[in-house]
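For the sequence shown, my numbering begins at 805 and goes up steadily by one. We treat Cβ as the ideally placed atom computed from N, Cα and C, and that holds for glycine. Predicted model, so just to flag it, every value in this text is computed and none were measured. Presented below is the structure to which this report refers.
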Amino acid sequence: MKKMKRIDVHHLLALAGLSAAASLAGGCADSPDRFDPQAIREIQLSKAAENHSLAPKQLPKESDFRNPYIPSGKDPVSLPVKEDRPATRPVGEREVRFTLSDIVHRTAAYNADTRVAAYQVGQDEARVVEALARYDWTFFTNVNYQREDGSNAFSTNALFPRETRTTQVQTGLKRVLPSGAEIQLRYEMNRTKTINDPNDFLSNITPNPYYTSEAIFQITQPLLQNYGSATNRARITVARNDQRISFLDFRLKLEENLTRVEQAYWQLAQARRNVEILESLLQRTTETAERLSQRWGGDVNATQLSQAHASIKSREAALIRARSQVRDLSDEIKRRMGDPDYPVADNTLIVPADQPVETAIQYNIGDQIDTALVNRPEILQQKLRIDSSETIVGAANNNLLPQLNLVGQVGVQGRGEDLGDALTSQGSFDFVNYSVGLQFEVPIGNRGPRAIWARTLLQRLQSIESYRNLTEQITQEVKQSFREVETSWQELVATRTARYAAAESLRAIEEREKGIALDPTFVQLKLDRQAALAQSEQEDVQALVRYNIAVSALERAKGTLLSYDNVEIREEKLPQVRQNGGL
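If you want it as structure tokens, here you go:
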């Protein structure tokens, strides 16, 4: 139906995640952009200075009123000076022509509401990395000094030292595996020195001090609760679904703004056409008044000229209001675009370069509903919510199980008078230690996990019911949009016929005018026919614009507006973010 160049808006998503990506990748974030409200205000204020207000006119007084088409005394008629355009246009205003493709492109790239939604996508992308970070390796180092005084507890036993001083250093790596297991690789070095009673020869332990060096591998594997990758990755799954939901929110916001700006574009085209129609009506009425004034003193008197003059002023007032509406819609488009080159305060008037389409389009209602139930972002979002709720139910069901953990440890130890001897002894594998154990724990009654499980089941059922309700709502929207396309086209056919009929009626009146007296009744009939033609022309334009808006609204109801407008969204991953563990 319309040709547009394809538009990529992936850079908005990249922009949203840029700051978070730098922080995650580099370990520290650059200072954020400084918030400068004055600079933001200056964008509008600098452009607002270009606007000039019209000098207000004084209200006319009845005592000073005079019909310019009626001569005073014996003076000939002095007709008003014609103006090409009534003085309703601000000084310095300039016009810029835009195609609908240009407007859509700028809206997709610069719209403020869409950019705000894009930042939420970046935030939820960072939350996915937060969930993945649980499986990152952690480096640790512990240093401990301990003094034990044994002089009182076993003062009669010479084999126990009076004092023991131990220095311990631990360092290593640890992480959580997707299966739920916690593994740890660590190295321990101990220095132990004893202070003995010199009178107790049996307590003189050698070497003193002595060193131990040990490399240890330890694993704690849940066997019931918290076992399995599905349970342990639940948080990641939900975070990824939330990130996808926020991306679809971004798409919804983009579609909403594209719909609004397209609607404003066609309404602006309608408003400008209304100005042309009212200008033409005013011109016809002015020409009628001039012809009446030329027949002054014959079959025309003050009554007919007063009728014409009253119609002129009434139609001038309507024209002033119509021109104001053009500027309102122009500002609406500039706000929706968000283009920094055309802020709302700018003294620029947007002019539509495209004409509304006047081609009937055939649709199949079944295909339209099927397309909507596949492509609507709300449907995709609800499917993701259902998937998240099922993931949470699985995790809650696992939480009902008791805790049973297998704990295993193996280490290679070495001992010596100094650290070097201890490392040498360790390398010979003289001392290999290991241990295996089970840890069991279950809450009596288990009420908390059962309540959580019941709540998650209800949330899942609620999500499914919401999906059913959503399909009904979307089906209704598609049917209404489909019906509006058909209705607006039929309305356009009727209003186009009515416009032709009104034009024919006015032509007949003008032909009749040549051979009859212009009495007040006939003059009023002609003025009414002029107004009727203008109204039928306005209704015709309104029906045509409604049809174009209805076609766009149907595409949005189907979830295909972006492809209809040739707008492509490509998700950008946060750059330079490492996701450990292959997750």
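* Where the alpha helix (DSSP H) through THR1090 begins and ends -> 1038 to 1098
* To do: Look at the Cβ atom of THR1299, then the Cβ atom of ASP1344, and state whether they are nearer than 8 Å.
  => yes
* Would you call PHE902 buried or exposed, if buried means 16 or more other Cβ atoms sit within 10 Å of its Cβ? -> buried
* **Spatial neighbours of TRP1257 in its chain, beta-carbon cut-off 8 Å, leaving aside the 5 residues before and after** => VAL1197, ALA1200, ASN1201, ASN1203, LEU1204
* Asked: For VAL1246, which residues of its own chain have a beta-carbon under 8 Å away from its beta-carbon, when the five flanking residues on both sides are left out?
  -> PRO1206, GLN1207
* Keeping to the same chain, check which residues put their C-beta closer than 8 Å to that of ARG1189; ignore five residues upstream and five downstream. => ASN1045, ILE1049, SER1267, SER1270
* With a threshold of 16 other CB atoms inside 10 Å of the CB of GLN1047, please say whether the residue is buried or exposed. => buried
* Ignore the nearest five residues each way along the sequence and tell me which others in LEU1296's own chain have a CB closer than 6 Å to its CB. => ALA1347, LEU1348, TYR1351
* Asked: Under three-state DSSP, which class holds GLN1022?
  -> strand
* Whose C-alpha, out of THR945, LEU1028, ASP1053, LEU936, is nearest the C-alpha of ALA1038? -> LEU936
* Beta-carbon separation of GLY1231 and GLY1220 under 8 Å? -> no
* To do: Taking GLY1032 as the reference, give the member of PHE1054, ILE1373, ASN1209, LEU1223 with the closest Cα.
  => ASN1209
* **CB contact flag (ILE1023, ARG990, <8 Å)** => no
* **Exposure label - PHE1244; buried when at least 16 CB within 10 Å** => exposed
* Please state whether DSSP places GLY1212 in a helix, a strand or coil. => strand
* Asked: Should ARG1303 go down as buried or exposed, given a rule of 16 or more other Cβ atoms within 10 Å for buried?
  -> buried
* Asked: Helix or strand or just coil, what does DSSP make of ASN1237?
  -> strand
* Specify whether the segment 1094 to 1106 and the segment 1146 to 1157 touch according to this definition: at least 3 beta carbon pairs, one from each stretch, less than 8 Å apart. => no
* Asked: Under a three-way DSSP split, which group does LEU989 fall into?
  -> strand
* In its own chain, which residues sit with a C-beta less than 7 Å from the C-beta of TYR1069, not counting the 5 before and 5 after it? -> LEU904, ILE907, ILE1137, PRO1156
* Asked: Taking contact to mean at least 3 C-beta pairs separated by less than 8 Å, is the segment 1331 to 1338 in contact with the segment 1081 to 1091?
  -> yes
* Asked: Going by the beta-carbon positions, is the gap between THR1063 and ARG1360 smaller than 8 Å?
  -> yes
* To do: Could you spell out the range, first to last residue, of the beta strand (DSSP E) harbouring ARG1388?
  => With the chain running from 805 to 1387 in the structure shown, residue 1388 is simply not present.
* To do: Could you work out which residue in MET993, LYS1117, ARG931 is closest to ASN946 when comparing CA atoms only?
  => MET993
* Using DSSP bridges, identify the partner residues of GLU1419. => One cannot answer for residue 1419 here, as it falls past the ends of the chain, which runs 805 to 1387.
* Would you decide whether TRP941 is buried or exposed? Buried here means 16 or more other CB atoms lie within 10 Å of its CB. => exposed
* Please determine, among VAL1355, GLU1314, ASN1273, GLU1372, the residue with the shortest C-alpha to C-alpha distance to ARG1095. => GLU1314
* Looking at the structure shown, is ILE1373 part of a helix, part of a strand, or coil, going by DSSP? -> coil
* Straight-line gap, ILE1248 to ARG1254 (C-alpha atoms, nearest Å) -> 12 Å
* Cα-Cα separation between GLU1341 and ALA1306, rounded to whole angstroms -> 9 Å
* **Helix, strand or coil at VAL1148 [DSSP, three-state]** => coil
* **Endpoints, the alpha helix (DSSP H) within which GLU1317 is located** => 1251 to 1317
* LYS997 (DSSP reduced to helix, strand or coil) -> strand
* **For TYR1368, the three-state DSSP class (helix, strand or coil)** => helix
* **Simplified DSSP state of GLN1334, which is helix, strand or coil** => helix
* Bridge partner(s) assigned by DSSP for PHE1326 -> Bridge partners of PHE1326: none, in fact.
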